[in-house]
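If you're matching positions, the sequence shown starts at 551 in the numbering used here and goes up one per residue. Beta carbons: idealized from backbone N, C-alpha and C, even for Gly. Please read the structure below before turning to the comments.
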Amino acid sequence: MTFRASILTLYPQMFPGPLGHALAGQALERGDWTCEARNIRDFATDRHRSVDDTPYGGGAGMVLRADVLARAVDHVSPADDARPKLLMSPRGKPLTQEQVRQLAVAEGVVIICGRFEGVDERVIEARNLQEVSIGDYVLAGGEVAALVLLDATIRLLPGVMGNEQSGSYESFEAGLLEHPHYTRPAEWEGRSVPDVLTSGDHAKIEAWRREQAEKLTHNRRPDLLEGK
Ligand code: ADE
551 MTFRASILTL
561 YPQMFPGPLG
571 HALAGQALER
581 GDWTCEARNI
591 RDFATDRHRS
601 VDDTPYGGGA
611 GMVLRADVLA
621 RAVDHVSPAD
631 DARPKLLMSP
641 RGKPLTQEQV
651 RQLAVAEGVV
661 IICGRFEGVD
671 ERVIEARNLQ
681 EVSIGDYVLA
691 GGEVAALVLL
701 DATIRLLPGV
711 MGNEQSGSYE
721 SFEAGLLEHP
731 HYTRPAEWEG
741 RSVPDVLTSG
751 DHAKIEAWRR
761 EQAEKLTHNR
771 RPDLLEGK
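Encoded structure:
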């Protein structure tokens with residue numbers, strides 16, 4: 551099954567961008583996913599092809615118009631389209647690996663990239679757009695956030711990752727940060743690899759890795775351990 555990503559943006563040339571390379575790029579060539587980036591400006595109707603206007607109530611910045619964006623959404627996602635419609639925004643609910651996992655089993659996603667100060671609230675309500683944030687910082691626009699969300703999703707599509715790893719050992723998949731990794735040379739700048747890893751005792755290695763993951767998580771992300 552092909553995962554269909556439709557992206558509404560004022561900068562369609564930013565897609566697939568980095569996702570045209572490496573793992574996601576190969577998946578794109580194989581047809582595991584498709585990337586349709588449409589310019590919101592194509593759905594403007596006035597002479598100046600304007601997509602934004604000043605905010606009611608005053609204040610700085612411009613607001614993306616509801617009528618223009620709704621036309622764009624309806625064009626790429628007709629009423630019978632079951633794909634979730636996401637609006638990338640620092641106001642959104644933070645993206646989680648759980649949400650990424652759910653997206654990866656969906657038939658695709660429609661992503662709207664915000665620019666300007668915001669989007670007219672009425673189109674968010676009327677088209678049931680789910681606002682998604684990739685973190686507590688403000689980007690210049692939603693495009694890079696959309697690329698992040700797609701990168702995380704595409705690697706989980708069936709057949710994309712191969713058996714390079716079983717997702718279950720990765721950071722967040724087990725609810726813990728990943729344990730440290732080592733490879734050859736065994737000695738480097740006077741630093742050696744922890745003995746347990748060369749012991750050949752797989753049960754001991756597993757226990758060590760688990761303990762390291764728990765320590766790391768406790769120190770860096772105690773929030774992940776809450777309720778455990
Ligand atoms: N657009 C601007 N900042 C963003 C963020 N942190 N997450 C998602 N979209 C954004």
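**Report entry** Segment limits, alpha helix (DSSP H) that includes Gly658
**Finding:** Element bounds for Gly658: not the alpha helix (DSSP H) but the beta strand (DSSP E), 658-663.
Requested in this report: Enumerate in chain order the residues of its own chain whose CB-to-CB distance from Ala632 is below 7 Å, with the five nearest sequence positions on each side excluded.
Outcome: Glu657
Query raised in the report: Does the distance from the CB of Thr584 to the CB of Gly692 come in under 9 Å?
Result: no
Query raised in the report: Just how far apart, CA to CA, sit His729 and Ser749?
Result: 17 Å
Query raised in the report: How is the beta strand (DSSP E) around Val643 delimited, first residue to last?
Result: The residue asked about is misnamed: residue 643 is Lys in this sequence, not Val. Run containing Lys643: 635-644, per the beta strand (DSSP E) assignment.
Requested in this report: Using the Cα positions of Arg760 and Thr703, report the straight-line distance between them to the nearest angstrom.
Outcome: 26 Å
**Report entry** Within 9 Å, strictly: CB atoms of Arg621 and Asp602
**Finding:** no
Query - Whole-Å CB distance - Ile755 paired with Val746, under 8 Å assumed - result: 6 Å
Query raised in the report: Just curious, the alpha helix (DSSP H) that Arg591 is in, first and last residue?
Result: Premise fails: Arg591 is in no alpha helix (DSSP H) and is neither H nor E.
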